[in-house]
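As they're listed, the protein sequences go chains W and G.
Numbering follows numbering that gives the first Met the number 0, with no gaps: position 127 of the first sequence is 126.
Numbering follows numbering that gives the first Met the number 0, with no gaps: position 114 of the second sequence is 113.
As structure tokens, the structure follows; a few thoughts come after it.
Protein chains: 2
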Amino acid sequence: MKMSDIITAHILNMLEQSEYDTAEIQRNEFAALIGCVPSQINYVLSSRFTPEHGYVIESRRGGGGYIRISRVRLDKSSALMHIINSVGNELDSSTARILIENSRQAELISKEAAELMQAAISSPVLHEIPPIFKDSFRAAVVKQMLLALIN
Amino acid sequence: MKMSDIITAHILNMLEQSEYDTAEIQRNEFAALIGCVPSQINYVLSSRFTPEHGYVIESRRGGGGYIRISRVRLDKSSALMHIINSVGNELDSSTARILIENSRQAELISKEAAELMQAAISSPVLHEIPPIFKDSFRAAVVKQMLLALIN
DNA sequence: TAATCAAAGGTCAGTAAAAGTCAAATTTTG
DNA sequence: CAAAATTTGACTTTTACTGACCTTTGATTA
């Protein structure tokens with residue numbers, strides 16, 4: 000396996016562990032741990048953790064220096080999160096449909112995702128559960144599916 | 000026997016062995032093994048493993064580079080329809096999860112679609128409906144969502 | 001306080017390791 | 001024989017890795 004892939008995997012793993020999508024390393028120490036030359040860390044960061052890839056790098060030199068890698072939430076994510084939060088515990092049929100259409104219009108979700116969401120709350124599915132639960136079910140499905148698109 | 004046929008046979012054989020219809024080679028190494036010039040691998044790939052023939056090629060240059068050949072199913076729709084038909088009126092949690100994972104592995108559905116499907120039948124959603132309805136609900140959701148991907 | 005030192009991280013250019021391209025030469029096929 | 005397919009290798013581009021040297025920062029010392 001390539002050194003750069005190993006380094007990438009390590010960082011990704013740290014980000015995964017982290018609650019705030021942030022990993023902090025000390026370059027020399029980290030390089031020694033993995034067994035590569037320090038400058039290779041920079042290579043990996045600049046080739047695979049760029050802003051285009053959705054990451055932000057901050058660092059500090061000198062004693063007690065560090066390199067911090069953060070996964071940034073794209074704007075879409077926060078917009079979606081906003082929508083999710085606006086959905087209460089119940090969601091009726093037409094509001095749900097409009098919400099999905101609007102998200103699609105705003106390009107927050109793909110055409111495929113929109114179709115999948117409509118399918119998940121379509122009549123054949125609702126037919127399987129008692130009427131009393133429909134609105135809370137719709138709310139839960141829509142929220143969970145939008146949430147899946149953020150992660 | 001022609002060199003290009005030998006190369007083709009080797010690749011086909013690797014695909015045959017592979018569980019997920021994917022073969023990965025290193026061009027120089029593979030060429031040396033077979034006893035041909037490296038660029039001939041490209042010739043074979045571009046003349047016999049094209050998308051029209053049902054294959055997708057991915058590659059990476061540089062140290063540790065590779066060429067990956069994958070056989071893609073052209074007939075995704077009928078494969079999906081087959082799966083839909085195999086689902087009865089009830090679907091338990093782990094069978095559903097495996098079904099989605101397999102569809103994903105077989106590249107019948109996108110990563111996003113797989114995540115959306117898992118989200119649609121995740122615990123927070125199921126929590127909204129009485130236990131007795133869960134299995135029939137799962138079956139309906141999965142079928143409707145896969146159906147949406149066909150249309 | 002100013003000068004100095006040590007401990008980080010940053011940069012860059014050079015080398016190596018792949019894969020890609022293309023056109024000329026050769027072989028196969030109809 | 002003529003056209004199509006195959007083979008080859010010289011040259012290009014991309015990606016990975018390394019080490020020498022540079023800059024920044026914080027601490028210590030005269």
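No residue lacks a Cβ here, since even glycine has one placed at the ideal position from N, Cα and C.
Computed from a predicted model, the values in this text were never measured in an experiment.
- At least one beta carbon of chain G lies nearer than 8 Å to the beta carbon of W:ALA112.
- As for any alpha helix (DSSP H) of minimum length 4 sitting wholly inside the segment 76-119 of chain W, the runs are 92-104 and 110-119, ordered along the chain.
- Minimum Cα-Cα distance from W:GLU100 among the listed residues W:GLY87, W:MET116 and W:ASN88 corresponds to W:MET116.
- By the rule that beta-carbons nearer than 8 Å mark a contact, G:PHE132 touches chain W.
- For W:VAL43, the enclosing alpha helix (DSSP H) covers residues 37-47.
- For W:MET80, no CB of chain G lies under 8 Å from its own CB, so it is not counted at the interface with that chain.
- A Cβ-Cβ distance of about 5 Å is found for the pair W:ILE120 and W:ARG137, placing them in contact under the 8 Å criterion.
- Look at G:ALA105: its C-beta is not under 8 Å from any C-beta on chain W.
- DSSP places G:VAL140 within a helical segment (H, G or I) once states are collapsed to three.
- Under the 8 Å criterion on CB atoms, G:PHE29 is classed as non-interfacial with respect to chain W.
- Inter-residue distance for W:GLN16 and G:TYR42 is about 45 Å (C-alpha atoms, whole angstroms).
- Relative to G:VAL124, the option among W:ILE40, W:ALA30 and W:PHE132 whose CA is nearest is W:PHE132.
- The beta carbon of W:ALA113 sits closer than 8 Å to those of ILE99, GLU100, SER102 and ARG103, all from its chain and outside the five residues before and after it, given in chain order.
- Linking W:ILE6 to W:SER45 through their CA atoms gives a straight-line distance of about 12 Å.
- Under the Cβ criterion (8 Å, minimum of three pairs), the segment 18-26 of chain W counts as touching the segment 51-68 of chain W.
- DSSP places G:VAL55 in the strand class (E or B) of the three-state scheme.
- In its chain, beyond the 5 residues on either side, no residue has a beta carbon closer than 6 Å to the beta carbon of W:SER122.
- Take G:PRO37, set aside five residues on each side of it, and the residues of its chain with a beta-carbon closer than 7 Å to its own are ARG26, ASN27 and ALA30, in chain order.
- Taking 7 Å as the Cβ-Cβ cut-off, the segment 33-65 of chain G approaches chain W at GLY62 and GLY63, given in chain order.
- Taking the C-beta atoms as reference points, G:ALA118 is found nearer than 8 Å to W:GLN143.
- The residue among G:MET2, G:ALA139, G:LEU73 and G:ASN88 with its C-alpha nearest the C-alpha of G:HIS52 is G:LEU73.
- If you ignore the 5 residues before and after W:VAL140, its C-beta comes within less than 7 Å of the C-beta of ALA119 and ILE120, all in its own chain and listed in chain order.
- Annotation for G:GLU23: the continuous beta strand (DSSP E) segment containing it runs 21-24.
- Spanning the alpha carbons of G:ILE56 and G:THR49 requires a straight line of approximately 8 Å.
- For the 8 Å CB-CB criterion, W:LEU14 and W:ARG60 do not form a contact.
- Counted as a single uninterrupted DSSP element, the alpha helix (DSSP H) harbouring W:ILE6 occupies residues 2-16.
- Scanning its chain for C-beta atoms nearer than 8 Å, with the 5 sequence neighbours on each side dropped, one finds around G:ILE40 the residues ILE6, ILE24, ARG26, PHE29, ALA30 and ILE66, in chain order.
- LYS1, MET2, SER3 and ASP4: these are the residues of the segment 1-18 of chain W whose beta carbon lies less than 9 Å from some beta carbon of chain G, given in chain order.
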